[in-house]
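Each protein sequence line maps, in turn, to chains E and R. Using my numbering, read the first sequence as starting at 20 and increasing by one per residue. Using my numbering, read the second sequence as starting at 19 and increasing by one per residue. Every residue gets a Cβ at the ideal spot worked out from N, C-alpha and C, and that includes glycine. From a predicted model like this one, the values you see are computed outputs, not experimental measurements. Structure record follows, encoded as structure tokens.
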Amino acid sequence: MSINPIKKVTGKAVPILGDDIDTDRIIPARYLKCVTFDGIGEFAFYDERFDANGKPTNHPMNDPKYKDASIIISGNNFGCGSSREHAPQSIKRAGFSAIIAESFAEIFYGNSTTLGLVCVTMSRSDINELAEIVKSAPETVLEIDIEAENVRLAGKNYKCEIKPSTKKALLDGEYDSLGILLKNIDKVKELEKSLKYSFV
Amino acid sequence: MGKNLFQKVWDLHKVADLPGGRVQLFIGLHLIHEVTSPQAFAMIKEMGLKVAFPDRTFATCDHIIPTDDTKRPFQDPLAEEMMQALEKNTKEHGITFFGPESGYQGVVHIVGPELGLTQPGITVACGDSHTATHGAFGAIAFGIGTSQVRDVLATQTMALNTFKVRRVEVNGNLRPGVYAKDVILYLIRKLGVNGGIGYAYEFAGSTIEGLSMEGRMTICNMAIEGGARVGYINPDEKTYEYLKGKKYAPKSDRWDEMVAYWESIKSDKDAEYDDVVVFNAEDIEPMVTWGINPEQAIGISEKLPENNNPSFQEAYEYMKFTPGTSIKGTKIDVAFIGSCTNGRIEDLREAAKYLEGKKVAKHVKALAVPGSATVKAKAEAEGLDKIFIEAGFEWRNPGCSMCLAMNPDKLIGDQICASTSNRNFKGRQGSSSGRTILMSPAMVAAAAVTGEISDLREVFDIK
Ligand code: SF4
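Now the structure itself:
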């Protein structure tokens, strides 16, 4: 299951700032009632983007100036909360290919990696600087270089970080784990026999 | 230097090192439910794969199931569709499904332990972030996303980065009116909602050892709210006593052999940890959350914190509370006792003990939702249902209910709910302006009776 390696992500960005943006905010639970992920992109950040009467709020994703953004800039502990893969799925299907944040919740980070949704971390001060640039010049194009762990925009370079195993998986195109897991299926069967417990 | 339980169990389940430093880990027990599994089944079907070890996979339904009218088809067609998908997928792949007719249905993290599926020294995965609950038995349990559910269905393994292990020790006697729920809210407040990222938490110390299995499950359940994907407690006699005679627990002919195994995976006395933190049980008082994440919690007698940091401001704006004031006396609209954190028999007993002979305040809607059919039957055999109903609670059927908004139980507008669940995120209980205040079941009982956030020690005269 070798998929396309991901070496770089290029695109405009939208700042969705704040800390601890949890998965209930990214995709409200009522939109988890589905048996496929099709169409889930529409509901990304739904309750933040629309008020109780369905009227659009001033959420950055509703702002026409960020219309074609494909990179999210956010704060600390992004994606905390539930293990729902619906969260990264909805972000990806809403047209995003990367998230730059100060830190990520672990399950969200893993779920995103499997989908090839690139998550990189950066210092708070650099994130604020990036967000300021993007706010005043939303047409600015960012380039995330995964190999170099670097974000380039407006002629400047910013250091970003990515977990070594994730970096390798993205660069090798093996971020969807199932392919590599299946290769070891004989070893899996052997290990199963060595376990002390079963439920039959 | 010795090894801790996490390292021992990890090593026993490690299939291979993967490129880039990840590890392929065998998952001994896979629990599935209706919300995160249908897409995973669709993915393996598309690839022409089968479930690798159907005997190691068990299913139940909890998130979407209504707790009042459970007649099929469900009134919500989307809920019905998800239920049917689970019925079909489990049948097609030969997976045991504990549906409502089985008599064992309930919240997945309550069902696993009470069937004896959850055992020491095993690895568990489930497409739900509160899977760490199973760690209360000395299992290593991971909450996973749908692609990983797919991986576990197809290979019974998943790719994981290694974890660091932090020993979180709590020592001493709990003060009267203080419960496991207060301990974990206290720990999250101290260690932060993201303090556990990259860590497995080993909960230890005399306070933790002194807790019942139910209390231990409450602690491990909320490890993820502190950022730790894995939380566990070393098994002991209490663990073995709980397991004895359970449906899937080892039978007498294998019992001694399994106890020997369970003893062997316990953390060594001289085990190494990446970090150790120590707390004192006597510093903990009944806790309540006041904000929009579980770290934003205070002892009931404290004032709401004054702090200019933006996340506090955001929380105050959402909760409509004023810094520097007391949270005691805040009027509530709804009282909810249930969920995988506090929907077990002991939780119901404790709340019922205080509710007996009392009445829920007139303006409060109160729900008691047993975590599973087994809990419900036990509670009814003990007459707890009558106590709840006489006090003015609605007595419901098992499910996740008002823990999250995927079934008909929801808050309306900016209602305030005193809740025994685990998340006070914005909108968590089904209204995008609904407000959740987390606390122990006995504290919810106190709030229900007075109609406002109260100190149970004053309400029920606990000294
Ligand atoms: S009770 Fe709540 S936290 Fe537990 S599994 Fe259900 S929805 Fe998740």
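With a Cβ-Cβ cutoff of 8 Å, do residue i and residue j count as a contact?
i                      : j                      : result
residue 71 of chain E  : residue 423 of chain R : no
residue 59 of chain E  : residue 109 of chain E : yes
residue 50 of chain R  : residue 167 of chain R : yes
residue 153 of chain E : residue 91 of chain E  : no
residue 311 of chain R : residue 199 of chain R : no
residue 211 of chain R : residue 243 of chain R : yes
residue 41 of chain R  : residue 35 of chain R  : yes
residue 155 of chain R : residue 194 of chain R : no
residue 471 of chain R : residue 283 of chain R : no
residue 307 of chain R : residue 456 of chain R : yes
residue 458 of chain R : residue 429 of chain R : no
residue 386 of chain R : residue 366 of chain R : yes
residue 159 of chain R : residue 69 of chain R  : no
Is residue i helix, strand or coil when you go by DSSP?
i                      : result
residue 20 of chain E  : Per-residue confidence for residue 20 of chain E stands at a pLDDT of 48, beneath the threshold of 50, marking its modelled position as unreliable; the derived number appears in the next sentence. In this structure, residue 20 of chain E counts as coil in the three-state DSSP scheme.
residue 475 of chain R : helix
residue 30 of chain E  : strand
residue 206 of chain R : helix
residue 176 of chain R : strand
residue 15 of chain R  : An answer regarding residue 15 of chain R cannot be provided, because it is not within the stretch 19 to 481 covered by chain R.
residue 189 of chain R : strand
residue 35 of chain E  : coil
residue 65 of chain R  : coil
residue 213 of chain E : helix
residue 58 of chain E  : coil
residue 171 of chain E : strand
residue 147 of chain E : helix
residue 160 of chain E : coil
residue 363 of chain R : helix
Buried or exposed for residue i, going by 16 or more other Cβ atoms inside 10 Å?
i                      : result
residue 20 of chain E  : Residue placement at residue 20 of chain E is poorly supported in this model, since its pLDDT is 48, which falls under 50; the coordinates still yield a value, given next. It is exposed - the Cβ of residue 20 of chain E has fewer than 16 other Cβ atoms within 10 Å.
residue 370 of chain R : buried
residue 218 of chain E : buried
residue 167 of chain E : exposed
residue 340 of chain R : exposed
residue 25 of chain R  : buried
residue 141 of chain E : buried
residue 331 of chain R : exposed
residue 83 of chain E  : exposed
residue 375 of chain R : exposed
residue 305 of chain R : buried
Would residue i pass as an interface residue toward chain R - the criterion being a Cβ-Cβ separation below 8 Å?
i                      : result
residue 133 of chain E : yes
residue 37 of chain E  : yes
residue 179 of chain E : no
residue 55 of chain E  : yes
residue 126 of chain E : yes
residue 210 of chain E : yes
residue 98 of chain E  : no
residue 64 of chain E  : no
residue 104 of chain E : yes
residue 136 of chain E : no
residue 199 of chain E : yes
residue 183 of chain E : yes
residue 206 of chain E : yes
residue 218 of chain E : yes
Name the chain R residues whose beta carbon is nearer than 7 Å to that of residue i?
i                      : result
residue 140 of chain E : Residues of chain R passing the Cβ test: none, with the nearest at roughly 11 Å.
residue 52 of chain E  : 82, 96, 97, 100, 424
residue 187 of chain E : 37, 38
residue 48 of chain E  : 422, 423, 424
residue 71 of chain E  : 450, 451
Any chance the CB of residue i is under 7 Å from a heavy atom of the ligand NAP?
i                      : result
residue 422 of chain R : By its list of ligands, the structure shown excludes the ligand NAP, since it contains just the ligand SF4.
Residues of chain R with CB under 8 Å from residue i, in chain order?
i                     : result
residue 85 of chain E : Ordered by position in chain R, no residue passes the 8 Å Cβ test against residue 85 of chain E, which lies about 21 Å from the chain.
Which bits of chain E does residue i rub up against, with CB to CB less than 7 Å?
i                      : result
residue 279 of chain R : 215
residue 190 of chain R : Under the 7 Å cutoff, chain E gives no residues; its nearest Cβ is about 30 Å from residue 190 of chain R.
residue 211 of chain R : 39, 96, 99
residue 457 of chain R : Near residue 457 of chain R there are no residues of chain E at all, since even the closest Cβ is about 19 Å away, more than 7 Å.
Which residues in chain E sit within 9 Å of residue i, going by Cβ to Cβ distance?
i                      : result
residue 322 of chain R : Under the 9 Å cutoff, chain E gives no residues; its nearest Cβ is about 18 Å from residue 322 of chain R.
residue 483 of chain R : With chain R represented from 19 up to 481, any question about residue 483 of chain R goes unanswered, as that position is not in the structure.
Which residues in chain R sit within 9 Å of residue i, going by Cβ to Cβ distance?
i                      : result
residue 203 of chain E : 33, 34, 36, 42, 173, 175
Using a Cβ-Cβ distance under 8 Å, would residue i count as near chain E?
i                      : result
residue 205 of chain R : no
residue 241 of chain R : no
residue 444 of chain R : yes
residue 71 of chain R  : yes
Quick one: list the residues of chain E neighbouring residue i, beta-carbon separation under 8 Å, in chain order.
i                      : result
residue 146 of chain R : 101, 102
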